[in-house]
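Just so you know, we're using our numbering here: the sequence shown kicks off at 9 and counts up by one.
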Amino acid sequence: MTHVFTIAIDGPAGAGKGTLARRLADHYRLNLLDTGLTYRAVAHALLRLGLPLDNVSAAETAARQVDLAKLDRAVLSAHAVGEAASKVAVFPTVRRILVEKQRDFARTPPGAVLDGRDIGTVVCPDADIKLYVTASAEVRAKRRLAEIESIGGTANFAEILADIQRRDERDMGRADSPLKPAADAHLLDTSEMAIEAAFLAAMSVIDDVLAKKNKA
Numbered sequence: 009m010t011h012v013f014t015i016a017i018d019g020p021a022g023a024g025k026g027t028l029a030r031r032l033a034d035h036y037r038l039n040l041l042d043t044g045l046t047y048r049a050v051a052h053a054l055l056r057l058g059l060p061l062d063n064v065s066a067a068e069t070a071a072r073q074v075d076l077a078k079l080d081r082a083v084l085s086a087h088a089v090g091e092a093a094s095k096v097a098v099f100p101t102v103r104r105i106l107v108e109k110q111r112d113f114a115r116t117p118p119g120a121v122l123d124g125r126d127i128g129t130v131v132c133p134d135a136d137i138k139l140y141v142t143a144s145a146e147v148r149a150k151r152r153l154a155e156i157e158s159i160g161g162t163a164n165f166a167e168i169l170a171d172i173q174r175r176d177e178r179d180m181g182r183a184d185s186p187l188k189p190a191a192d193a194h195l196l197d198t199s200e201m202a203i204e205a206a207f208l209a210a211m212s213v214i215d216d217v218l219a220k221k222n223k224a
C-alpha cells in the first residue's frame, strides 16, 4: 500500500473488535490504535492523582498529556480503569482532544487500523473500510468470564453481564458520539462466529475494496 489506508472498527465491549483489529493490522502491515486506551489513560491519570472522575478540567488536562506511543495496555486494562474510562468519555471536550490525537495517528503513513466506539462515525468518517463488530451481551459476558478464568481469576457471570449492559447503555446513550454503526459500515455479528471466521469475513470485505481501488 503506497497511500494512507484507514480501517475503522467499532462495536461494543467484548465483541472481539480488539483481536480482529490486531489481526488485520498485522496482515495489512498498518499501524494499530485501540482508541479505548486513550480514554483509559485519562481515567488512569485521574485515579492515580486521586481526583474525582467528574472533574472536567482535570480530565481535559490529562487528555492533552496522553502520549499515544506510551499507552501501557497491561496497566490500562484493569477493570477499575475501564469503569472510570466510560465515565470520563462522556465529556465532549475530552473527546474532542482525544479525537484530534486519534485523527493524527490515522493520517500517519502507511495508514492504520483504529478500533473503538466512534471511529467510523466521528474520528474517521472517510475511512476506506468501516466495520461494526457486535455480539449479544450474553455471549460477550461468557467470553469475558472465560478470559478471566483462563488467567486464574474468579468472576460472577451475572455481575459481568450487568456490567456489560451498563456500559452498553452508557456508550449508546451518551449525547456526544454515541456508539452506533456508521451508515456505510459492514456489520459483523460474532455471536456465533470464531475469531478466525470473523477475520476471514473482514479480509474478504477489505480485499474487495482494495481490488476496486486498484482498478480505478
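Beta carbons are placed, not taken as given, at the ideal position from N, Cα and C, and that holds for glycine.
All values derive from a computational prediction rather than experimental measurement.
Review point. For the beta strand (DSSP E) that contains F13, what are its first and last residues?
Key: 13-18
Point to revise | Best match in K220, V130, A163 for proximity to A190 [C-alpha to C-alpha] | key: V130
Review point. Out of curiosity, what's the CA-to-CA distance linking G128 and L59?
Key: 32 Å
Review point. Going by Cα to Cα distance, which pick from I168, K25, M201, D126 is closest to V98?
Key: D126
Point to revise | Rounded C-alpha distance that separates M9 from A114 | key: With a pLDDT of only 45 at M9, under the threshold of 50, the placement of this residue in the model should not be trusted; the figure read from the coordinates follows. So the alpha carbons of these two residues sit roughly 15 Å apart.
Practice item. Kindly indicate the opening and closing residues of the beta strand (DSSP E) around G26. Key: It is not in any beta strand (DSSP E) - G26 instead sits in the alpha helix (DSSP H) that spans 25-36.
Point to revise | Beta-carbon contacts of A202 that lie in its chain and below 6 Å, excluding the five residues immediately before and after | key: none
**Study point:** Residues near V83 in its chain [Cβ-Cβ closer than 8 Å; skip 5 each side]
**Key:** H52, V89
Point to revise | Beta-carbon proximity check, V107 vs A71, cutoff 7 Å | key: no
Exercise for review: Using 10 angstroms around the beta-carbon of A205, count the other beta-carbons present and answer buried if the total reaches 16, otherwise exposed.
Suggested key: exposed
Point to revise | Alpha-carbon to alpha-carbon, K78 and T135 | key: In the sequence on display, residue 135 carries Ala and not Thr. Whole-angstrom Cα-Cα distance: 25 Å.
Review point. Quick one: complete alpha helix (DSSP H) runs, 4+ long, within the segment 30-116?
Key: 44-57, 64-72, 81-84, 87-96, 100-114
Exercise for review: Compute the distance between the beta-carbons of L153 and I168, then report whether it is under 7 Å.
Suggested key: yes
Exercise for review: Would you tell me roughly how many angstroms separate the C-alpha atoms of A5 and S65, rounded to the nearest one?
Suggested key: This structure does not reach residue 5, given that the chain is present from 9 up to 224, and the question cannot be answered.
Point to revise | Beta-carbon separation (whole angstroms), I15 vs L32, contact threshold 8 Å | key: 6 Å
Practice item. Could you have a look at L218 and say whether DSSP puts it in helix, strand or coil? Key: helix
**Study point:** Rounded separation between D215 and K221 - CA only
**Key:** 10 Å
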